[in-house]
Amino acid sequence: MGTVEPQVATTAQTQTTDGFQLVIDALKLNGIDTIYGLPGIPITDLTRRAQADGMRVLSFRHEQSAGYAASIAGFLTQKPGICLTVSAPGFLNGLNALAHATVNCFPMILISGSSEREIVDLQQGDYEEMDQLAIARPLAKAAYRVLHAEDIGVGIARAIRAAVSGRPGGVYLDLPAKLFAQSMDAELGKKNLIKVVDPAPKQIPAPDAVERALDLLRSAKKPLIILGKGAAYAQADSQIKELVEKTGIPYLPMSMAKGLLPDTHEQCASAARSFVLPGADVVMLIGARLNWLLSHGKGKTWGGKGPKDWGGQKFIQVDISPQEADSNVRIDAPVVGDIGSCVSALISGMGKDFGKPPAEWLNAVSEKKKGNIAKMAETLAKNPTPMNFHSALAVVRDIVKGNPDAMFVNEGANALDFTRSVVDMFMPRKRIDVGTWGIMGVGMGYCVAAAVATRQPVIAIEGDSAFGFSGMEVETICRYNLPVCIVIMNNNGVYKGTDVNPRGGDAAPTVFVKDARYEKLMEAFGGVGVYAKTPGELRRAMEEALRSARPTLINAVIDETAGTESGRITSLNPTAGKKK
Ligand SMILES: Cc1ncc(C[n+]2csc(CCOP(=O)(O)OP(=O)(O)O)c2C)c(N)n1
Ligand SMILES: [Mg+2]
39 MGTVEPQVAT TAQTQTTDGF QLVIDALKLN GIDTIYGLPG IPITDLTRRA
89 QADGMRVLSF RHEQSAGYAA SIAGFLTQKP GICLTVSAPG FLNGLNALAH
139 ATVNCFPMIL ISGSSEREIV DLQQGDYEEM DQLAIARPLA KAAYRVLHAE
189 DIGVGIARAI RAAVSGRPGG VYLDLPAKLF AQSMDAELGK KNLIKVVDPA
239 PKQIPAPDAV ERALDLLRSA KKPLIILGKG AAYAQADSQI KELVEKTGIP
289 YLPMSMAKGL LPDTHEQCAS AARSFVLPGA DVVMLIGARL NWLLSHGKGK
339 TWGGKGPKDW GGQKFIQVDI SPQEADSNVR IDAPVVGDIG SCVSALISGM
389 GKDFGKPPAE WLNAVSEKKK GNIAKMAETL AKNPTPMNFH SALAVVRDIV
439 KGNPDAMFVN EGANALDFTR SVVDMFMPRK RIDVGTWGIM GVGMGYCVAA
489 AVATRQPVIA IEGDSAFGFS GMEVETICRY NLPVCIVIMN NNGVYKGTDV
539 NPRGGDAAPT VFVKDARYEK LMEAFGGVGV YAKTPGELRR AMEEALRSAR
589 PTLINAVIDE TAGTESGRIT SLNPTAGKKK
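Below you can see the structure in the form of structure tokens.
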């Protein structure tokens, strides 16, 4: 460990500050107290000095994990999560998370050191030479570079505003090595910093847009509400609950909106998803986009005749971005504004005479739900040997029910899809997962950020493949002694462990070493490793992990034949000769 430089150097007449210090001061001035990163030239001293200055600096084993941590910290806190990397290769490792943040609408700032501009721009072969700003721009909501110490205040302020205002996203901030060493008068430096006023201004919906939406809702015979992760991000939990309950309309939570209202709520239609989507006549989307996760609002999922045919639904879309409407099908009533303001306006506009949906629709949904829940209960009650996804998840479901405060991380294919449908969530913003892209590798970064940002215990349900993308971060989890319980659903491979190379020789592309002992990885760093072959062993290990709050990795051995190709999205696999 090198020496920590004095924060303000004193000269004969004036006090000076430098680029390092101004970056730290600007972040702190804006209430940003945590950095997720990985040190190296030119930002090593920035990590040291930030820590010495009281910031929490979480140092990872790979920038991608630091980036995912920053992105989800942004989602959980509404403050931009900061990922700090070195130049070129470190920057590129962080870029995946930056794109992920932008696509998922999470506020995040990727701050990367960069090499000497004069040399980079003339392509003279500098150490880690790369035009990072140009490369980041198409993947970020905004991208900036600061060349002079006196502009650091503006640079950080712009990055914060861009990340959190309107539709949040990933922002890139390029800080060349030379900037950090620049010194300037400390008083002047301080004056140049900006404390951002009202970084995410409320956006109030137009009254006529609200009225139009309510009129459409009043005309509905079979209404449905869909809550997306934008609704979860908004932290308008009580208003959303009030709107759903006052209207009496069945609702579907998207994956990361689970728990906004408890999944066991009588209006929750998750267990009747394939009935309510084609059945509904008016659908109100709240912070949910009609992307692939909702089959683009058309096709057979929605009762359309062919794969691209409209199912006849009318849509209300509550979203902060005016550009979102009509992205896939016609939106009859866009309501543009921040979710909290829009939902409040809808509630006040409802008045006293707003009737509940027709009983026929509610009864039909409830019947469908009952049937499917009973079927699920039957599946969960089985206790096969070897353990399968369902018998393991029956345990996880109980543990989460008993620990509703715990954060819940989830990635994989079958390990994701089964978990989402089996494990109920009871509180908002507890479930964090692969998001819009279905991305593998978020797991351990999410665990770190969830523990740090919420100070709650964390449960992670990981496919064995999914875990591998960020597995080395178990050292990070042990180093910071975080209360994280990782359960690996180990079915020996991607989707399942049974593929065989027809020619012999190399293993098939989807399979891993059989009976891999992942728990030993956790033991290597002082955490608790458990090998669990039965639901009883899994239950005891999870209970103990939550009780002890020690980093724990449970290797849950799952029947290798149990999964299906790509989990629930088998149909997205192209097949040879398939007609368009
Ligand atoms: C970054 C990234 N690379 C590859 C994929 C493709 N992919 C989807 S799910 C998955 C892993 C599924 O295996 P596992 O995590 O073990 O879950 P299982 O279905 O076996 O439970 C992969 C590699 C992806 N989604 N993201
Ligand atoms: Mg697997």
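If you count by the working numbering, then the sequence shown holds residues 39 to 618, one letter each, in order.
C-beta atoms are modelled at their ideal positions from N, C-alpha and C, and glycine is treated no differently.
Since we're looking at a predicted model, the values are computed, not measured.
In angstroms with no decimal places, state the Cα-to-Cα distance between residue i and residue j.
i: asparagine 611; j: glutamate 603; result: 9 Å
i: alanine 127; j: valine 447; result: Looking at the sequence provided, one finds proline at residue 127 rather than alanine. If you take the alpha carbons of proline 127 and valine 447, they lie about 27 Å apart.
i: asparagine 528; j: alanine 491; result: 29 Å
i: valine 95; j: lysine 406; result: 50 Å
i: leucine 76; j: serine 150; result: 10 Å
i: alanine 269; j: isoleucine 198; result: 21 Å
i: arginine 458; j: glutamine 277; result: 25 Å
i: alanine 238; j: glycine 208; result: 15 Å
i: aspartate 502; j: glutamate 582; result: 22 Å
i: valine 356; j: valine 374; result: 6 Å
i: isoleucine 232; j: alanine 64; result: 7 Å
i: alanine 135; j: glycine 476; result: 13 Å
i: phenylalanine 98; j: glycine 227; result: 31 Å
i: alanine 402; j: alanine 309; result: 12 Å
i: aspartate 212; j: leucine 177; result: 14 Å
i: glycine 30; j: aspartate 455; result: Lying before the first or after the last residue shown, residue 30 is absent from the chain, which here runs from 39 to 618.
i: isoleucine 173; j: valine 141; result: 16 Å
i: lysine 408; j: arginine 196; result: 51 Å
i: arginine 205; j: alanine 498; result: 28 Å
i: serine 359; j: alanine 90; result: 40 Å
i: aspartate 83; j: serine 293; result: 40 Å
i: histidine 138; j: glycine 105; result: 9 Å
i: glutamine 53; j: alanine 274; result: 46 Å
Using a threshold of 7 Å, is the CB atom of residue i nearer than that to any non-hydrogen atom of ligand 3?
i: glutamate 500; result: This structure does not include ligand 3; its bound ligands are ligand 1 and ligand 2.
Is it the case that the Cβ atoms of residue i and residue j are separated by a distance below 8 Å?
i: methionine 560; j: histidine 100; result: no
i: glutamate 449; j: glutamate 500; result: yes
i: isoleucine 158; j: methionine 168; result: A small correction: the amino acid at residue 158 is valine; isoleucine does not occupy that position in the sequence shown. In contact: valine 158 and methionine 168 (Cβ atoms closer than 8 Å).
i: glycine 325; j: isoleucine 377; result: yes
i: glycine 57; j: isoleucine 190; result: yes
i: leucine 591; j: isoleucine 524; result: yes
i: proline 424; j: aspartate 553; result: no
i: glycine 297; j: lysine 468; result: yes
i: alanine 562; j: alanine 594; result: no
i: lysine 534; j: alanine 600; result: yes
i: leucine 255; j: valine 320; result: yes
i: glycine 393; j: arginine 327; result: no
i: isoleucine 354; j: leucine 323; result: yes
i: serine 103; j: isoleucine 242; result: no
Short of 6 Å in beta carbon distance, which residues of its chain neighbour residue i, apart from the five on each side in sequence? Order them along the chain.
i: tryptophan 619; result: Past the edges of the chain, shown from 39 to 618, lies residue 619, and the structure says nothing about it.
i: glycine 342; result: Lys336, Trp348 and Gly349
i: alanine 432; result: Leu418
i: aspartate 537; result: Ala546, Thr548 and Val549
i: isoleucine 110; result: Ile470, Tyr484 and Ala487
i: alanine 108; result: Tyr74, Gly119, Ile120, Cys121 and Met146
i: glutamate 166; result: Ser125, Ala126 and Ser153
Assign residue i to one of three DSSP states: helix, strand, or coil.
i: alanine 111; result: helix
i: proline 261; result: strand
i: glycine 151; result: strand
i: isoleucine 278; result: helix
i: leucine 328; result: coil
i: glycine 208; result: strand
i: methionine 322; result: strand
i: serine 459; result: helix
i: isoleucine 515; result: helix
i: glycine 531; result: strand
i: methionine 580; result: helix
i: threonine 55; result: strand
i: tyrosine 289; result: strand
i: leucine 122; result: strand
i: isoleucine 607; result: helix
i: arginine 86; result: helix
i: arginine 99; result: coil
i: asparagine 441; result: coil
i: valine 434; result: helix
Counting only the same chain and skipping the five closest in sequence on each side, list residues whose C-beta sits under 7 Å from that of residue i.
i: valine 282; result: Ile263, Tyr289, Leu299 and Gln305
i: leucine 67; result: Leu231 and Lys233
i: alanine 504; result: Glu449, Gly450, Ala453, Met478 and Gly481
Tell me which residues share the same chain as residue i and place their Cβ nearer than 8 Å to its Cβ, disregarding the 5 neighbours each side in the sequence.
i: aspartate 85; result: Looking at the sequence provided, one finds threonine at residue 85 rather than aspartate. Closer than 8 Å at Cβ, skipping near neighbours: Ile73, Gly75, Pro77, Val95, Ser97 and Leu122.
i: alanine 397; result: none
i: arginine 62; result: Reading off the sequence shown, one finds isoleucine at residue 62, where the question assumed arginine. The residues are Leu84, Arg87, Ala88, Asp91 and Met93.
**Report entry** In chain order, each beta strand (DSSP E) run of at least 3 residues that lies wholly inside the stretch 343 to 424
**Finding:** 352 to 357 and 371 to 374
Report task. Go through the stretch 167 to 255 residue by residue and report every complete run of the alpha helix (DSSP H) that reaches 4 residues or more, in order. Result -> 170 to 174, 190 to 202, 215 to 219 and 224 to 230
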